[in-house]
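With this note's numbering applied, the sequence shown closes on residue 96, and no number is skipped along the way. Where a beta carbon is used, it is the ideal one built from N, C-alpha and C, also for glycine. A quick write-up on the structure given underneath.
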Amino acid sequence: QNLLNVELLGRGFAWLDTGTFEALQQAALFVETLQNRAGFKVACPEEIAYYNQWIDREQLTDLAHKLRGNEYGQYLLDIAASDFSGPRQE
Numbered sequence: 007q008n009l010l011n012v013e014l015l016g017r018g019f020a021w022l023d024t025g026t027f028e029a030l031q032q033a034a035l036f037v038e039t040l041q042n043r044a045g046f047k048v049a050c051p052e053e054i055a056y057y058n059q060w061i062d063r064e065q066l067t068d069l070a071h072k073l074r075g076n077e078y079g080q081y082l083l084d085i086a087a088s089d090f091s092g093p094r095q096e
């Protein structure tokens, strides 16, 4: 019937099943640990758009300035200030 579609997830992807309260807690802990230890945010739309070249540095900076009063805005400003030579490789 050809109704099944499979999407292979590359390196850097994790599937988190959050169908139960316990699984949701485990997923939240995983994300918190990853962000704290690796120093980057999980599923940051602005960062994803920038690294995929859907927005440029100026647009990222404009978005970051709207959020400059918090840690997330500073994270975006740090990304905008860093060297960037194209989309991330898997």
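- Between L40 and E52, the CB-CB gap reaches or exceeds 8 Å.
- Closest option to D89, judged by alpha-carbon separation, among K72, Y57, L73: Y57.
- 8 Å or more divides the Cβ of W21 from the Cβ of L30.
- Of the candidates L83, A49, A87, E28, A49 places its Cα closest to the Cα of G18.
- Around the CB of A87, fewer than 16 other CB atoms lie within 10 Å, so the residue is classed as exposed.
- When DSSP states are grouped into helix, strand and coil, T67 belongs to the helix group.
- For T39, the secondary structure class from DSSP, reduced to helix, strand or coil, is helix.
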